[in-house]
Amino acid sequence: MNELKLAWEAISYGGAMVYPLLALGALALAIMIDRAVAYWRCLRLPGEMAALIETYGFAWNDLNRQIERLGPHNAYARFFGVISSNRSRPAWWIESRAGDEAGRIEATLGRGLWILETVVTAAPLLGLLGTITGMMEAFKIIGGSGLVAPAKVTSGVAQALIATALGLLIALIALFGFNYFSRAQSQALDQMERLGSKLIDHIRLDNEAGDARACGRLEDSDEGRAAV
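According to the working numbering, the sequence shown is numbered sequentially starting from 1.
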(Lines of atoms letter the chains of each structure in order from A and count residues from 1; the text may use other names and numbers.)
(Lines give C-alpha, C1' and ligand atoms only; values in the text may rest on other atoms or scores of the structure.)
Protein backbone atom coordinates (compact mmCIF):
# COMPACT_ATOMS: atom_id res chain seq x y z
CA MET A 1 0.00 0.00 0.00
CA ASN A 2 2.84 2.39 0.85
CA GLU A 3 4.46 1.60 -2.51
CA LEU A 4 1.30 2.60 -4.35
CA LYS A 5 1.08 5.79 -2.36
CA LEU A 6 4.68 6.67 -3.12
CA ALA A 7 4.18 5.86 -6.81
CA TRP A 8 1.12 8.10 -6.96
CA GLU A 9 3.00 10.93 -5.26
CA ALA A 10 5.85 10.58 -7.76
CA ILE A 11 3.47 10.59 -10.74
CA SER A 12 1.39 13.49 -9.43
CA TYR A 13 4.62 15.48 -9.13
CA GLY A 14 4.60 15.64 -12.93
CA GLY A 15 2.13 18.51 -12.98
CA ALA A 16 -1.26 19.11 -14.55
CA MET A 17 -0.54 17.06 -17.70
CA VAL A 18 -0.40 13.88 -15.62
CA TYR A 19 -4.18 13.73 -15.23
CA PRO A 20 -5.16 13.74 -18.93
CA LEU A 21 -2.34 11.26 -19.54
CA LEU A 22 -3.72 8.93 -16.87
CA ALA A 23 -7.18 9.30 -18.40
CA LEU A 24 -5.79 8.30 -21.80
CA GLY A 25 -4.00 5.34 -20.21
CA ALA A 26 -7.18 4.16 -18.49
CA LEU A 27 -9.15 4.52 -21.73
CA ALA A 28 -6.53 2.57 -23.69
CA LEU A 29 -6.51 -0.17 -21.07
CA ALA A 30 -10.31 -0.43 -21.14
CA ILE A 31 -10.31 -0.72 -24.94
CA MET A 32 -7.61 -3.40 -24.86
CA ILE A 33 -9.52 -5.47 -22.30
CA ASP A 34 -12.75 -5.09 -24.28
CA ARG A 35 -11.06 -6.14 -27.54
CA ALA A 36 -9.33 -9.07 -25.86
CA VAL A 37 -12.66 -10.43 -24.61
CA ALA A 38 -14.37 -9.77 -27.95
CA TYR A 39 -11.60 -11.44 -29.97
CA TRP A 40 -11.61 -14.44 -27.65
CA ARG A 41 -15.35 -14.85 -28.22
CA CYS A 42 -15.44 -14.03 -31.94
CA LEU A 43 -12.27 -15.53 -33.39
CA ARG A 44 -12.39 -19.13 -32.17
CA LEU A 45 -12.08 -21.45 -35.15
CA PRO A 46 -12.14 -25.13 -34.14
CA GLY A 47 -9.63 -27.26 -35.99
CA GLU A 48 -12.42 -29.71 -36.74
CA MET A 49 -14.32 -27.08 -38.72
CA ALA A 50 -11.23 -25.98 -40.67
CA ALA A 51 -10.41 -29.60 -41.48
CA LEU A 52 -13.99 -30.21 -42.62
CA ILE A 53 -13.92 -27.26 -45.03
CA GLU A 54 -10.57 -28.43 -46.38
CA THR A 55 -12.09 -31.87 -47.08
CA TYR A 56 -13.23 -32.61 -50.62
CA GLY A 57 -16.90 -33.48 -50.83
CA PHE A 58 -17.96 -32.77 -47.23
CA ALA A 59 -21.61 -32.78 -46.19
CA TRP A 60 -23.22 -29.37 -45.69
CA ASN A 61 -25.25 -30.69 -42.76
CA ASP A 62 -22.01 -31.41 -40.88
CA LEU A 63 -20.84 -27.84 -41.48
CA ASN A 64 -24.19 -26.39 -40.38
CA ARG A 65 -24.05 -28.34 -37.12
CA GLN A 66 -20.62 -26.91 -36.35
CA ILE A 67 -21.79 -23.40 -37.23
CA GLU A 68 -24.71 -23.73 -34.80
CA ARG A 69 -22.34 -25.03 -32.14
CA LEU A 70 -20.16 -21.91 -32.39
CA GLY A 71 -23.09 -19.56 -31.86
CA PRO A 72 -24.19 -16.32 -33.55
CA HIS A 73 -21.45 -14.15 -32.02
CA ASN A 74 -18.58 -16.08 -33.58
CA ALA A 75 -17.19 -14.32 -36.66
CA TYR A 76 -16.45 -17.55 -38.52
CA ALA A 77 -19.95 -18.86 -37.82
CA ARG A 78 -21.46 -15.65 -39.17
CA PHE A 79 -19.33 -15.70 -42.31
CA PHE A 80 -19.70 -19.39 -43.12
CA GLY A 81 -23.38 -19.26 -42.24
CA VAL A 82 -24.02 -16.65 -44.93
CA ILE A 83 -22.34 -18.85 -47.53
CA SER A 84 -24.12 -22.02 -46.40
CA SER A 85 -27.57 -20.44 -46.26
CA ASN A 86 -27.21 -19.03 -49.79
CA ARG A 87 -25.61 -22.07 -51.41
CA SER A 88 -28.61 -22.63 -53.68
CA ARG A 89 -28.03 -19.26 -55.33
CA PRO A 90 -25.49 -18.36 -58.04
CA ALA A 91 -21.84 -18.10 -57.02
CA TRP A 92 -21.63 -14.37 -57.76
CA TRP A 93 -24.56 -13.75 -55.41
CA ILE A 94 -22.90 -15.75 -52.63
CA GLU A 95 -19.59 -13.90 -53.08
CA SER A 96 -21.38 -10.56 -52.85
CA ARG A 97 -23.23 -11.50 -49.65
CA ALA A 98 -20.09 -13.01 -48.14
CA GLY A 99 -18.19 -9.80 -48.93
CA ASP A 100 -20.87 -7.72 -47.21
CA GLU A 101 -20.74 -9.94 -44.13
CA ALA A 102 -16.94 -9.76 -44.07
CA GLY A 103 -17.21 -5.97 -44.06
CA ARG A 104 -19.58 -6.06 -41.09
CA ILE A 105 -17.29 -8.46 -39.25
CA GLU A 106 -14.31 -6.20 -39.91
CA ALA A 107 -16.23 -3.24 -38.49
CA THR A 108 -17.13 -5.27 -35.39
CA LEU A 109 -13.56 -6.40 -34.81
CA GLY A 110 -12.14 -2.93 -35.40
CA ARG A 111 -14.48 -1.20 -32.97
CA GLY A 112 -12.46 1.02 -30.64
CA LEU A 113 -9.11 0.48 -32.33
CA TRP A 114 -9.15 4.06 -33.59
CA ILE A 115 -9.08 5.13 -29.94
CA LEU A 116 -5.88 3.16 -29.38
CA GLU A 117 -4.41 4.74 -32.50
CA THR A 118 -5.35 8.18 -31.18
CA VAL A 119 -3.76 7.45 -27.81
CA VAL A 120 -0.55 6.40 -29.55
CA THR A 121 -0.36 9.86 -31.12
CA ALA A 122 -1.83 11.99 -28.35
CA ALA A 123 0.01 10.62 -25.31
CA PRO A 124 3.54 11.66 -26.41
CA LEU A 125 2.22 15.07 -27.43
CA LEU A 126 0.64 15.59 -24.02
CA GLY A 127 3.89 14.42 -22.44
CA LEU A 128 5.77 16.92 -24.58
CA LEU A 129 3.35 19.65 -23.50
CA GLY A 130 4.07 18.71 -19.90
CA THR A 131 7.78 18.90 -20.66
CA ILE A 132 7.41 22.38 -22.09
CA THR A 133 5.35 23.67 -19.16
CA GLY A 134 7.81 22.15 -16.67
CA MET A 135 10.80 23.72 -18.40
CA MET A 136 8.97 27.05 -18.63
CA GLU A 137 8.43 26.87 -14.89
CA ALA A 138 12.11 26.17 -14.34
CA PHE A 139 13.20 29.02 -16.62
CA LYS A 140 10.74 31.39 -14.92
CA ILE A 141 12.34 30.61 -11.59
CA ILE A 142 15.81 31.12 -13.02
CA GLY A 143 14.80 34.41 -14.64
CA GLY A 144 13.11 35.69 -11.52
CA SER A 145 15.63 34.74 -8.83
CA GLY A 146 18.78 33.62 -10.60
CA LEU A 147 20.23 30.41 -9.27
CA VAL A 148 19.42 31.05 -5.63
CA ALA A 149 16.65 28.40 -5.63
CA PRO A 150 18.11 25.26 -7.25
CA ALA A 151 15.48 23.04 -5.62
CA LYS A 152 12.71 24.85 -7.47
CA VAL A 153 14.61 24.56 -10.74
CA THR A 154 14.99 20.83 -10.14
CA SER A 155 11.28 20.62 -9.43
CA GLY A 156 10.45 22.05 -12.86
CA VAL A 157 12.86 19.71 -14.61
CA ALA A 158 11.45 16.71 -12.71
CA GLN A 159 7.94 17.72 -13.72
CA ALA A 160 9.04 17.84 -17.34
CA LEU A 161 10.72 14.42 -17.21
CA ILE A 162 7.82 12.68 -15.44
CA ALA A 163 5.28 13.96 -17.97
CA THR A 164 7.48 12.88 -20.87
CA ALA A 165 8.15 9.43 -19.46
CA LEU A 166 4.49 8.83 -18.64
CA GLY A 167 3.35 9.93 -22.09
CA LEU A 168 5.85 7.63 -23.82
CA LEU A 169 4.93 4.68 -21.59
CA ILE A 170 1.21 5.03 -22.31
CA ALA A 171 1.88 5.43 -26.04
CA LEU A 172 4.02 2.28 -26.10
CA ILE A 173 1.38 0.19 -24.33
CA ALA A 174 -1.34 1.46 -26.68
CA LEU A 175 0.90 0.86 -29.71
CA PHE A 176 1.55 -2.76 -28.74
CA GLY A 177 -2.16 -3.31 -28.18
CA PHE A 178 -3.15 -1.67 -31.46
CA ASN A 179 -0.61 -3.67 -33.47
CA TYR A 180 -1.61 -6.94 -31.81
CA PHE A 181 -5.33 -6.54 -32.43
CA SER A 182 -4.82 -5.21 -35.95
CA ARG A 183 -2.66 -8.24 -36.75
CA ALA A 184 -5.21 -10.65 -35.26
CA GLN A 185 -8.00 -9.00 -37.25
CA SER A 186 -6.01 -9.18 -40.49
CA GLN A 187 -5.14 -12.84 -39.99
CA ALA A 188 -8.76 -13.74 -39.20
CA LEU A 189 -10.10 -11.99 -42.29
CA ASP A 190 -7.45 -13.63 -44.49
CA GLN A 191 -8.42 -17.04 -43.13
CA MET A 192 -12.10 -16.34 -43.69
CA GLU A 193 -11.38 -15.35 -47.28
CA ARG A 194 -9.32 -18.49 -47.89
CA LEU A 195 -11.84 -20.89 -46.38
CA GLY A 196 -14.77 -19.01 -47.91
CA SER A 197 -13.21 -19.47 -51.35
CA LYS A 198 -13.07 -23.21 -50.72
CA LEU A 199 -16.75 -23.24 -49.75
CA ILE A 200 -17.73 -21.36 -52.90
CA ASP A 201 -15.61 -23.76 -54.98
CA HIS A 202 -17.50 -26.60 -53.33
CA ILE A 203 -20.79 -24.94 -54.28
CA ARG A 204 -19.61 -24.60 -57.87
CA LEU A 205 -18.73 -28.30 -57.95
CA ASP A 206 -22.16 -29.16 -56.57
CA ASN A 207 -23.81 -27.01 -59.23
CA GLU A 208 -21.72 -28.58 -62.00
CA ALA A 209 -22.58 -32.05 -60.74
CA GLY A 210 -26.27 -31.11 -60.66
CA ASP A 211 -26.09 -29.73 -64.21
CA ALA A 212 -24.36 -32.91 -65.37
CA ARG A 213 -27.07 -35.07 -63.82
CA ALA A 214 -29.76 -32.92 -65.42
CA CYS A 215 -28.07 -33.22 -68.82
CA GLY A 216 -27.82 -36.99 -68.35
CA ARG A 217 -31.50 -37.28 -67.58
CA LEU A 218 -32.34 -35.12 -70.60
CA GLU A 219 -30.22 -37.29 -72.88
CA ASP A 220 -31.84 -40.45 -71.52
CA SER A 221 -35.26 -38.91 -72.14
CA ASP A 222 -34.32 -38.00 -75.71
CA GLU A 223 -32.99 -41.50 -76.37
CA GLY A 224 -36.18 -43.01 -74.98
CA ARG A 225 -38.36 -40.89 -77.25
CA ALA A 226 -36.16 -41.74 -80.22
CA ALA A 227 -36.47 -45.46 -79.49
CA VAL A 228 -40.25 -45.18 -79.34
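C-beta atoms are modelled at their ideal positions from N, C-alpha and C, and glycine is treated no differently. Predicted model only: the values in this text are computed from it and were never measured.
Cβ-Cβ distance between residue i and residue j below 8 Å
i	j	result
residue 95	residue 198	no
residue 60	residue 88	no
residue 67	residue 58	no
residue 24	residue 170	yes
residue 127	residue 177	no
residue 39	residue 184	yes
residue 28	residue 116	yes
Backbone CA spacing between residue i and residue j [nearest angstrom]
i	j	result
residue 74	residue 47	15 Å
residue 30	residue 99	30 Å
residue 109	residue 187	12 Å
residue 56	residue 32	39 Å
residue 200	residue 86	10 Å
residue 52	residue 93	23 Å
residue 72	residue 50	18 Å
residue 133	residue 97	55 Å
residue 101	residue 77	11 Å
residue 37	residue 70	16 Å
residue 65	residue 35	27 Å
residue 106	residue 120	21 Å
residue 196	residue 42	17 Å
residue 124	residue 118	11 Å
residue 21	residue 113	18 Å
residue 175	residue 18	19 Å
residue 63	residue 206	15 Å
residue 129	residue 192	44 Å
residue 91	residue 44	27 Å
residue 82	residue 122	40 Å
residue 182	residue 194	18 Å
Sequence-distant residues of its chain with Cβ nearer than 7 Å to residue i (five each side left out)
i	result
residue 16	none
residue 172	none
residue 136	none
Cβ shell of residue i (< 8 Å), same chain only, five flanking positions each side left out
i	result
residue 148	Confidence at residue 148 is low in this model, with a pLDDT of 49, below 50, so its placement is unreliable and no value can be given for it.
Reference residue i, options the options, closest by Cα
i	options	result
residue 103	205, 207, 190	190
residue 160	91, 192, 131	131
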